Structure formats: structure tokens, C-alpha cells
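In UniProt numbering, the protein residues as written are 1 to 413.
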């Protein structure tokens with residue numbers, strides 16, 4: 001077995017993928033220098049954990065890997081190498097207990113990201129990983145050295161191999177700004193354009209509706225959508241009215257298909273069932289019932305449970321004449337068409353789609369045009385819904401890249 005202690009590897013990016021690659025490498029004796037443009041590592045990881053650190057999901061493997069859509073085939077070997085059970089055991093080894101929520105999602109018992117990150121960084125530092133903050137990567141110098149801008153000056157660093165874990169394009173203030181795309185393109189490493197994923201969408205609300213209901217949740221509701229392949233997508237849950245349109249977990253779950261429809265045709269229509277649990281026939285029967293002296297608002301609330309923001313949505317799309325036609329009213333309650341005109345900007349999105357094409361990398365995530373350069377994490381061309389899938393793939397791809405570096409260095413020795 002060759003001695004790996006003589007090699008130095010630069011890991012650029014201090015998110016989950018970069019930290020996992022560093023852990024794999026340092027465990028085999030490689031000297032690891034980790035560089036990050038921000039004052040501290042794991043900033044997006046910490047912010048994502050503020051609402052409860054969703055680590056992974058206990059869904060059965062076939063369904064789990066299917067969440068990665070068009071890139072499931074490329075990610076499956078990585079996810080098999082670091083599956084949700086392995087991830088949980090790894091977290092437990094850091095002294096962080098976990099539990100499985102009612103939805104199958106896995107969380108730290110205290111629901112926080114910071115204790116996990118602190119324990120992980122201590123283990124990495126104790127193992128010998130050297131951290132270099134406020135080092136913004138600028139590509140390669142003519143002699144092949146890595147270029148970094150620092151608060152003092154520009155540094156040129158020599159490394160035996162490089163792991164790029166630079167993140168996607170969302171939440172630029174935390175370091176994921178996508179500025180690496182043209183740098184890699186110049187080196188012959190192609191990428192798909194970065195796009196918003198797990199994002200909100202724009203809807204042309206009336207001023208009255210926006211002012212009255214922005215910030216309010218719509219629940220419960222069933223949202224359905226006919227994708228470009230003619231497949232019906234349907235989910236029950238809730239979403240939030242925003243000043244510009246709609247956002248929230250139910251919208252994020254359908255965002256990939258909705259975004260692609262908008263890209264292709266300029267808009268997408270999401271159909272809302274405002275009275276889930278009641279059949280169309282039952283709703284028609286209830287709204288057809290004589291209401292006497294009661295107002296239509298009182299009638300809808302008592303008979304179908306439509307009030308507040310749901311009533312506001314009906315008013316956005318129905319005329320006064322429509323309210324006098326029970327068939328039209330009932331149909332709108334069970335299938336209200338919501339026209340989405342654009343995805344919200346990528347910097348507002350939870351994650352991004354697009355990135356370095358897998359076709360430009362080998363099975364170890366090494367760039368075919370740049371031997372010794374590996375890519376991992378959200379900068380790769382994949383996307384997944386929220387629910388632990390994003391974080392799991394970042395960990396798994398970081399591990400794959402780290403193992404790829406080890407294999408490459410051993411082949412050099």
C-alpha cells in the first residue's frame with residue numbers, strides 16, 4: 001500500500017460535501033487543507049437547520065433514489081455507499097442522537113445543526129485538517145497552482161489533488177454564488193445552467209388579494225399538475241401566499257416539473273382542490289343547497305369549509321355571476337386553476353438545479369479534462385426535493401469524491 005502521507009489535497013468549499021471529502025482523506029493520512037471564502041464553514045448548513053435539521057429520510061431505497069429524478073442513475077451508487085442508515089450511524093458516532101419523525105424524516109433529537117457541526121469540526125481539526133477561511137478561489141494560475149484571494153493578497157497554492165465543493169447558486173450571501181461556472185467552462189468542464197429548485201413561483205395577484213392575504217397559509221389543499229410527459233402529479237399539504245405568488249412545502253415538492261413547464265411554455269397551471277376529502281358531487285350538492293338570507297360567504301363556510309384565504313382565492317378567479325351558478329362554483333372549489341408565470345429568483349430558492357455535468361466526470365467524480373480535480377455536492381447537475389434528500393446526496397457525493405482522490409493518488413504512487 002503506497003504511503004499517502006506525502007500528498008496534500010485542497011478541498012475548496014466548507015459545506016457538507018467538502019467536509020465529508022476532507023474526512024475521508026484525512027482518515028487515510030493525506031494532508032488536507034480546506035479553503036472557504038466565508039469567515040466560517042457550514043453557513044448554509046446552519047441556516048438550513050434553523051427550522052429543524054432534516055438530515056435524511058427513512059423511505060425505502062427504490063422510492064428514495066427516485067427522488068433524484070433524471071440523475072437517479074448517477075447518484076444511486078453514491079447513495080448506496082452512504083445510505084440513510086449509514087448517515088444516521090455516522091451522526092451517532094459524533095455523539096448526536098437522532099429520531100424519525102412521523103413523516104419518515106430523520107432529525108437530531110435537539111433539532112439543531114450547530115452541535116453536529118461543532119462536533120464534526122472538532123473531529124476534523126483533531127485529525128489534522130487545516131482550515132483556511134476568507135480564501136476565495138479564483139481558478140488556476142498558468143503554472144497550475146490554485147489561485148485564492150485573501151484579505152491580505154492573492155495566494156498561489158500547490159496541491160496534489162483538488163476537491164471542488166463550491167455549492168450551487170442559491171443563498172449567495174452564505175457563499176453559494178455559482179461564480180465558479182465560467183472558471184470551469186474555460187477548463188473544458190461543462191455545466192448545465194443553474195436554476196432555482198425548491199422554490200416559489202410568481203402569480204399575478206390582484207392588489208386587494210396581495211394586500212389582504214400575503215403571508216397566510218392555505219391548508220389543507222390538494223395540488224395537482226399535468227407534467228410535460230402527460231403524467232399527473234398530485235400532493236396534499238399546504239403552501240403560503242406571498243406578495244409575488246406562492247411558496248412553501250407543497251409548492252417546492254412540485255417545483256422541478258413546474259419550472260420545466262414554464263421554461264418550455266412560459267407558464268404552468270397548478271390545479272387546487274380547496275376541499276380535499278369532499279367529493280365533487282358532495283361539494284356540488286352543498287353549494288346548491290338553498291342559502292336563504294345567508295350571505296354566500298357564510299354559506300360556503302358552513303357547507304364546504306371555505307373561508308379566509310381560500311375564499312379569497314375563489315374571488316380572484318370567479319366573477320359575481322359565477323357565484324350564482326352552483327356548477328361553476330363547485331368546479332372551482334374542486335379544481336381552481338392557478339397560473340404560475342415564473343420561478344422566483346435563484347437566490348431565494350432553497351437549492352439549485354444544474355451544475356457540472358456528470359458526463360464531464362468519471363465514476364469517481366474526477367473531471368475527464370482535468371485529472372486530479374474532483375467535484376462534489378450541490379455544484380453537480382442534480383436536484384432533489386426537501387426532506388433530507390439534498391443533504392444525503394451532498395454527504396454521499398463528498399464521500400465518493402474523497403474516495404476517488406484516494407484511488408487516484410494510489411495509482412500515482
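The beta carbon of each residue, even a glycine, is placed where N, CA and C say it ideally should be.
Quick caveat: nothing in here was measured; it's all calculated off a predicted structure.
For residue 24, there is no enclosing beta strand (DSSP E); the enclosing alpha helix (DSSP H) covers residues 16-26. For residue 150, there is no enclosing beta strand (DSSP E), as DSSP marks it with neither H nor E. CA-to-CA, the gap between residue 41 and residue 206 works out to about 43 Å. A check of alpha carbon separations from residue 327 across 284, 348, 127 and 160 identifies 284 as the nearest. Using a Cβ-Cβ distance cut-off of 8 Å, the segment 208-225 and the segment 380-391 are not in contact, since fewer than three pairs of beta carbons, one from each stretch, lie closer than that value. If the five residues before and after residue 268 are omitted, its C-beta is found closer than 6 Å to the C-beta atoms of 258, 261, 262 and 340, all from its own chain and listed in chain order. Pairing residue 266 with residue 242, the inter-Cα distance amounts to about 20 Å.
Annotation for residue 289: no beta strand (DSSP E) segment contains it, and DSSP assigns it neither H nor E. Residue 13: not part of any alpha helix (DSSP H); DSSP gives it neither H nor E.
Taking a C-beta distance under 7 Å as the contact criterion, residue 81 and residue 191 do not qualify as a contact pair. Rounded to whole angstroms, the gap between the alpha carbons of residue 390 and residue 236 is 21 Å. Between residue 10 and residue 146, the CB-CB gap stays under 7 Å.
Where residue 229 is concerned, there is no enclosing beta strand (DSSP E), because DSSP gives it neither an H nor an E. When DSSP states are grouped into helix, strand and coil, residue 382 belongs to the coil group. Straight-line measurement puts the Cα of residue 12 at about 12 Å from the Cα of residue 130.
With contacts defined as CB atoms closer than 7 Å, residue 374 and residue 405 qualify as a contacting pair.
Within the DSSP secondary-structure output, residue 366 pairs in a beta bridge with 374.
Comparing C-alpha distances from residue 345 to each of 412, 307 and 171 shows the shortest one belongs to 171.
Look at residue 296 here: in three-state DSSP terms it is helix. Annotated three-state conformation of residue 109 is coil, per DSSP. In the pairwise beta carbon analysis, the segment 81-92 is classified as not touching the segment 65-72: fewer than three pairs are separated by under 8 Å. Per the Cβ contact rule, the segment 108-117 is in contact with the segment 31-50 (3 or more Cβ pairs under 8 Å).
Secondary structure at residue 208: helix, using DSSP grouped into helix, strand and coil.
With a beta-carbon spacing of about 14 Å, residue 175 and residue 194 fall beyond the 8 Å limit used to define contacts. A Cβ-Cβ distance of about 14 Å is found for the pair residue 21 and residue 372, leaving them out of contact under the 8 Å criterion. Here the alpha carbon of residue 323 sits roughly 28 Å from the alpha carbon of residue 250.
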